[in-house]
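J.:
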Amino acid sequence: MPSPQAATSALRDQTSGGLARLRSGHMIAAMFVELGHFALILAFMVAILQMVVPFIGAQKGWRAWMAIGEPAASAQFLLLAFSFAALTYAFVTSDFSVRLVVANSHTDKPMLYKVAGVWGNHEGSMLLWVLILALFGACAGWFGGNLPPRLRARVLSVQASIGVAFLAFILFTSNPFLRLAVPPFNGTDLNPLLQDPGLAFHPPFLYLGYVGLSMSFSFAVAAMIEGKVDAAWARWVRPWTLAAWLFLTIGIALGSWWAYYELGWGGFWFWDPVENASFMPWLIAAALLHSAIVVEKREALKSWTILLAILAFGFSLVGTFIVRSGVITSVHAFASDPTRGVFILGILAVFTGGALTLYAARAGTMQAKGIFSLVSRESALVANNILLAVAAFVVFIGTIWPLIAELAFGRVLSVGPPFFDAAFTPFMIVLALILPAGALLPWKRGEVRRVLLPLRGALALSVAIGLLVYAVQTGHSGLGPIGVALGVWLILGAGVDLWQRTGREGISRRLGRLTRLPRADWGRAVAHGGLGVTFIGIAAMLAWNVEDIRVVQTGESFEVAQYTITLDGVRRVQGPNYQSTTADITVREGGRFIATMHPEKRFYPVAGMPTTEAAIHNGFLRDIYLVIGDPQTGGGWAVRSYIKPFANWIWGGAILMSLGGVLSLTDRRYRVAAGARRQSSVQVAAE
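Offset between the sequence shown (1-based) and our numbering: plus 32.
(1) Look up Asn609 in the DSSP assignment and say whether it is helix, strand or coil.
(2) Please go through the same chain and pick out, in chain order, the residues whose beta-carbon is closer than 6 angstroms to the beta-carbon of Ala122, but skip the five residues on each side of it.
(3) Mapping the DSSP letters down to three states, classify Thr371 as helix, strand or coil.
(4) With distances taken between CB atoms, is the gap from Met98 to Ala104 smaller than 9 angstroms?
(5) Output the boundary residues of the alpha helix (DSSP H) element that contains Ala490.
(6) Who are the Cβ neighbours of Asp699 in its own chain at under 8 angstroms, not counting the five residues just before and after it?
(7) Would you decide whether Leu54 is buried or exposed? Buried here means 16 or more other CB atoms lie within 10 Å of its CB.
(8) For Phe590 versus Ile581, is the C-beta spacing smaller than 9 angstroms?
(9) When the Cα of Leu511 is compared with those of Gln532, Ala490 and Thr457, which residue comes out closest?
(10) Give me the residue from Phe175, Val196 and Thr220 with the minimum Cα distance to Tyr636.
(11) What alpha helix (DSSP H) runs, 4 residues minimum, are completely inside the region 74-160?
(12) Can the beta-carbon of Ile342 be found closer than 9 angstroms to that of Tyr292?
(13) Rounded to the nearest angstrom, what separates Thr534 and His560 at their Cα positions?
(14) In three-state DSSP terms, what is Gly629?
(15) Taking Phe590 as part of the beta strand (DSSP E), name the residues at either end of that continuous run.
(16) Tell me the rounded alpha-carbon separation between Gly527 and Ala557.
(17) Are the CB atoms of Gly515 and Phe567 nearer to each other than 9 angstroms?
(18) Hey, could you find the ends of the alpha helix (DSSP H) Thr220 is sitting in?
(19) Going along the chain, which residues of its own chain have a beta-carbon closer than 8 angstroms to the beta-carbon of Ala395, five neighbours each way excluded?
(20) State the start and end residues of the unbroken alpha helix (DSSP H) segment that holds Gly720.
(21) Ordered along the chain, which non-local residues of its own chain (more than five positions away) have a Cβ less than 8 angstroms from that of His234?
(22) Expressed to the nearest angstrom, what Euclidean distance is found between the alpha-carbon atoms of Ala148 and Val269?
(23) Cα-Cα, which of His154, Leu163, Met77 and Gly152 is closest to Ala117?
(24) What separation, rounded to the nearest whole angstrom, lies between the Cα atoms of Val444 and Gly430?
(25) Touching or not, the region 370-378 and the region 198-209, by the rule of three or more beta carbon pairs under 8 angstroms?
(26) Taking contact to mean 3 or more Cβ pairs, one atom from each stretch, closer than 8 angstroms, check whether the region 681-700 and the region 655-670 are in contact.
(27) According to DSSP, simplified to helix, strand and coil, what is Arg604?
(28) With burial defined as no fewer than 16 other Cβ atoms inside 10 Å of the residue's Cβ, what is the status of Ala192: buried or exposed?
(29) Just to confirm my understanding: we take Leu484, look at its own chain, exclude 5 residues before and 5 after, and list those with CB closer than 8 angstroms. What are they?
(30) How many whole angstroms separate the CB atoms of Phe459 and Ala423, which I take to be in contact at a CB cut-off of 8 angstroms?
(31) Roughly how many whole angstroms lie between the Cα atoms of Ala421 and Val150?
(32) Looking at Thr586 and Leu599, is the spacing between their C-beta atoms short of 9 angstroms?
(33) So, Leu179 versus Val187, is the Cβ gap smaller than 9 angstroms?
(34) Use the C-beta contact count for Ser446: other C-beta atoms within 10 angstroms, 16 or more gives buried, fewer gives exposed.
(35) In three-state DSSP terms, what is Ile617?
(36) With 16 as the cutoff for other CB atoms within 10 Å, does Lys676 come out buried or exposed?
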């Protein structure tokens, strides 16, 4: 046996070795973080190079200088990707020498939320913002080989100028790599509301949409500098806008879904300022998509399309300002630092104001060529644009009115769902009414009778279903029947649109052609049909929702609609980084067992914050939604029960709209526009 002295010596050597390895690991982590900080600074310098050199090259016609744009865009993206990876590494390894990790992480937090903590805060989310911005710029360089060299150089230059502004914002006001001289043993944890799978993926998709609109903006500014807006330009800008709209759709749907099941209030949209901040660019991007079609097909609406491209990104910047300035109170807001708010306001003023000034100066060069009658597809798309743009303006006014009232009149007030529902809904109703007919109208000139003829069956069936719903329901408003009728009208109208594109031959031939239609046609029909599905879900959920709130004793049963709900018991559960009060509730329908559901009320000790975890039994035609509240003084528990008809149709419609966007993006005509590009390239080369 070894002597006690030898055993002590071996233990000392083992401990020293362990400490040395631990110290070495900390040194490697610290070095990686410092390299990430250095890469962020270097990306800022590369962005300046990309902003200046290609722009001068385009102005002077120097091809070598214009060619700098593509490698600079790639280098900027790679540097920012490394910087983001370094910050992610700090979160994953719980490096509490980084101040941001201390404020937004904890060693006991599940790995998914350690990663999500990277962008679950102001500084990290801004780093993700510029990373996505650089990714879009790099994609323009990688896949823009068929663009005219001058236009591509200017697009990359404008895109880089946005990157310069936001990289300066990060480095000077929101540095994610700030260190602590004396690291604590543990962190203060991420906001418990953000520790959810829905919120883990919601911000990246939303930023892909927000930042994706920067490409439409860059193309618009580059085209105005060049003094040329034509069909080829519209064909180039549409895929970028469509991609941004697609990501915004997914991001908004994820946020709405999270609010539905996580907050325990039973709703899906509250018209919160931050919700509105993402919804306004979505509306403008939808209008931009449709107006770009008119530019591409008819060389009309050029000025309006350029204006929409500016406003779409402008509203994205407005959303960034609302979330991060603290001027408007919201449960979703990241920060309340006035200095940061002023900086973002300056960025908003420079880019939006500068682009609008250039727009005013170049208005004379964007004359429309196409002439169309009042009854035509162009007119229907103009009506679509007006409705979407005015609806976005209504949401904007309702969002900022509390701020205006406080600054101008000294009054503190709030604008809630009643205003938005009353002011916004009529525009959507009119949009739904004209959309199926507008999709069937011919370009330049059409006849109402010839368009409505193939839609007469869809119209009759939609009205019949609406009347049937109105007759069946009792004691409810007309919101449900109207919404269902409009939703069916949109779905059937999308189907008629597809069928009309198969010609007028036999059914077998038409069915064969249906499978060979361009993906863009299918994408449009699927997206419009998805909008109809969402209409039905929203109308049904708002009109026929059943709510019950009561105090329930353990073992007690009660009735909600046709369901019998029994509180079997309440137990304490220890989670990885929270303590949970979990209820066991059995649901039956007519004596038939449906499910045992487990709503929770969680408490996160590190953050000192409770959250509500609703239990939802999903169904195709309804959701059963249960929430457990606090124990009551006289015994029992507060229980909220909801029966929500067609709830999943809301997000099912959003999935269909997103699928429509994907189908359109995979259509080669949208991605390549080969003929228009070759023509433009030849023309620029000749100049």
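Heads up, the beta-carbon is just placed ideally off N, CA and C, and yes, glycines get one too.
T.: Inspection of the coordinates gives the following:
(1) In the structure shown, Asn609 falls within a coil segment according to DSSP collapsed to helix, strand and coil.
(2) Excluding its 5 nearest sequence neighbours in each direction, Ala122 has C-beta neighbours in its own chain below 6 angstroms: Val65, Val130 and Val133, listed in chain order.
(3) Looking at Thr371 - three-state DSSP - the assignment turns out to be helix.
(4) At the C-beta level, Met98 and Ala104 stay beyond 9 angstroms of one another.
(5) Val480 to Val504 is the span of the alpha helix (DSSP H), which, as asked, contains Ala490.
(6) The beta carbon of Asp699 sits closer than 8 angstroms to those of Pro550, Arg551, Ala552 and Gly555, all from its chain and outside the five residues before and after it, given in chain order.
(7) Reliability of the predicted coordinates at Leu54 is poor, the pLDDT of 42 falling under 50, and the value obtained from them is presented with this limitation in mind. Exposed.
(8) With a cutoff of 9 angstroms on beta-carbon distance, Phe590 and Ile581 are scored as not near each other.
(9) For Leu511, the closest C-alpha among the options Gln532, Ala490 and Thr457 is that of Thr457.
(10) It is Thr220 whose Cα lies nearest to the Cα of Tyr636.
(11) Entirely contained in the region 74-160, the alpha helix (DSSP H) runs reaching 4 residues are, in chain order, 95-98, 101-124, 131-136 and 143-148.
(12) Not a contact, by the Cβ cut-off of 9 angstroms.
(13) So the alpha carbons of these two residues sit roughly 18 angstroms apart.
(14) Note that residue 629 is Met in the sequence shown here, rather than Gly. Three-state result, Met629: strand.
(15) Ser589 to Val592 is the span of the beta strand (DSSP E), which, as asked, contains Phe590.
(16) Whole-angstrom Cα-Cα distance: 7 angstroms.
(17) A contact, by the Cβ cut-off of 9 angstroms.
(18) Here Thr220 belongs to no alpha helix (DSSP H), and DSSP marks it neither H nor E.
(19) Result list for Ala395: Ser335, in chain order.
(20) Residue numbering for the chain in the displayed model covers 33 to 719; residue 720 lies beyond these limits and cannot be assessed.
(21) Cβ neighbours of His234 within its own chain (closer than 8 angstroms, five residues either side excluded): Gly283, Leu286, Gly287 and Trp290.
(22) Going by the C-alpha atoms only, they are around 32 angstroms apart.
(23) The shortest C-alpha to C-alpha distance from Ala117 to any of His154, Leu163, Met77 and Gly152 is the one to Leu163.
(24) Cα-Cα distance, rounded: 14 angstroms.
(25) They touch, by the three-pair rule.
(26) Counting Cβ pairs under 8 angstroms, fewer than three are found: no touch.
(27) Secondary structure at Arg604: strand, using DSSP grouped into helix, strand and coil.
(28) Ala192 is buried by the Cβ-count criterion.
(29) Within the same chain, Leu484 has close Cβ partners Ala469 and Leu491.
(30) The Cβ separation is near 4 angstroms, so the contact holds.
(31) Spanning the two alpha carbons is a distance of roughly 35 angstroms.
(32) Going by C-beta atoms, Leu599 is nearer than 9 angstroms to Thr586.
(33) A contact, by the Cβ cut-off of 9 angstroms.
(34) By the neighbour-count definition (other C-beta atoms within 10 Å, threshold 16), Ser446 is an exposed residue.
(35) In the displayed model, Ile617 falls within a strand according to three-state DSSP.
(36) Lys676 comes out buried.
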